[in-house]
Amino acid sequence: MIPALALVRLDPPLDPSGDEARRELRRELVRPEYYQDDLLGRLTRWLDRLISRTVDAASGSSALATAAAFVVVLLIVGGVLFLASRARRTATGRSAQAPALTDEVVSADRLRARAEAALVAGDPAAALVDAYRAAAVRQIERGRIEDLPQATAHELAGALVAVFPEHRSAVLHGADLFDGVLYGERPATSAQAAELLALDDLLAGRAARR
15 MIPALALVRL DPPLDPSGDE ARRELRRELV RPEYYQDDLL GRLTRWLDRL
65 ISRTVDAASG SSALATAAAF VVVLLIVGGV LFLASRARRT ATGRSAQAPA
115 LTDEVVSADR LRARAEAALV AGDPAAALVD AYRAAAVRQI ERGRIEDLPQ
165 ATAHELAGAL VAVFPEHRSA VLHGADLFDG VLYGERPATS AQAAELLALD
215 DLLAGRAARR
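Residues 15 to 224 (this note's numbering) are what the sequence shown spells out, left to right.
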């Protein structure tokens, strides 16, 4: 606790102590909407409202009161950034351990056809995921990489790179896209889906389809 803060009483609603600031942060972050889509956007808008209220309330206060108010805001912002970074690391850890291939018994050609159909239907995320799986399963079918049902996207990429070292960059980038879309909830674009369809063509030794 900063000693000066104990001597300053801010007008409501901006008179929280350090403990009160932390409680306010916890109350804000347990609201159910933070577990829906656009978490970062919601946090950004909430922080913007908080800072705006702080500026408005401090405009008629003394310099010491203004400084104290901004210290409290910085504590809350720091807490939000810390929690967001922990959530990002947790999500990354989960995706790094998740199998890339499901228990579904399906051929590379079938996965490829599904990917192309999803792309035409305007679902680039589904197209991207099936395209990466098609590229990996095709090489399993050809006996070039081992069939490891629990392998992650990057473990499959490592096996593919060992066979196709000249395509290392494209293969690793494909694994990154796959994890980001399937487990990181990142939006996919048609261009990215087409890129992974082209990766399947590249590893299969086919000319890219036009």
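No residue lacks a Cβ here, since even glycine has one placed at the ideal position from N, Cα and C. Predicted model, so just to flag it, every value in this text is computed and none were measured.
Going by DSSP, which residues form a beta bridge with residue i?
| i | result |
| --- | --- |
| PRO138 | Partner(s): none; PRO138 has no beta bridge. |
| PRO113 | THR166 |
Going by beta carbon distance, what residues of the same chain come within less than 6 Å of residue i, once the five residues before and after it are set aside?
| i | result |
| --- | --- |
| ALA139 | VAL195, ALA202 |
| ASP161 | ILE154 |
| SER204 | PRO138 |
| ALA149 | LEU213, ASP214, LEU217 |
| LEU210 | LEU142, ALA145, TYR146, GLY188 |
| ALA122 | ALA148, VAL151, ARG152, GLU155 |
Report the option in the options whose CA atom is closest to the CA atom of residue i.
| i | options | result |
| --- | --- | --- |
| ARG200 | ARG220, ALA114, ALA171, VAL143 | VAL143 |
| GLY172 | GLU118, ALA114, GLN206 | ALA114 |
| LEU133 | ALA122, ALA145, ASP123, ARG124 | ALA145 |
| ALA208 | TYR197, LEU191, GLY198 | LEU191 |
| GLN206 | LEU170, GLY136, ILE159 | GLY136 |
| LEU174 | ILE159, VAL120, ASP62 | ILE159 |
Using the Cβ count rule (16 or more neighbours within 10 Å means buried), how would you classify residue i?
| i | result |
| --- | --- |
| GLN50 | Summary for GLN50: the model assigns pLDDT 44, below 50, so the residue's position carries little reliability, and this model does not support an answer. |
| GLY219 | exposed |
| VAL185 | buried |
| ARG126 | buried |
Excluding sequence positions up to five away, which residues of its chain have a Cβ less than 8 Å from the Cβ of residue i?
| i | result |
| --- | --- |
| PRO163 | PRO113, LEU115, ASP117 |
| GLU130 | ALA141, LEU211 |
| LEU170 | ALA114, LEU115, ALA150, ILE159, LEU162, ALA189 |
So, at 7 Å on beta carbons, what are the nonlocal neighbours of residue i in its own chain, with the 5 sequence-adjacent residues on each side left out?
| i | result |
| --- | --- |
| ARG128 | ASP144 |
| ARG182 | VAL175 |
Going by the C-beta, is residue i closer than 8 Å to any heavy atom of the ligand ATP?
| i | result |
| --- | --- |
| ALA167 | The model depicted lacks the ligand ATP and carries no ligand whatsoever. |
Three CB pairs or more closer than 8 Å across the segment 167-179 and the segment 147-158:
yes
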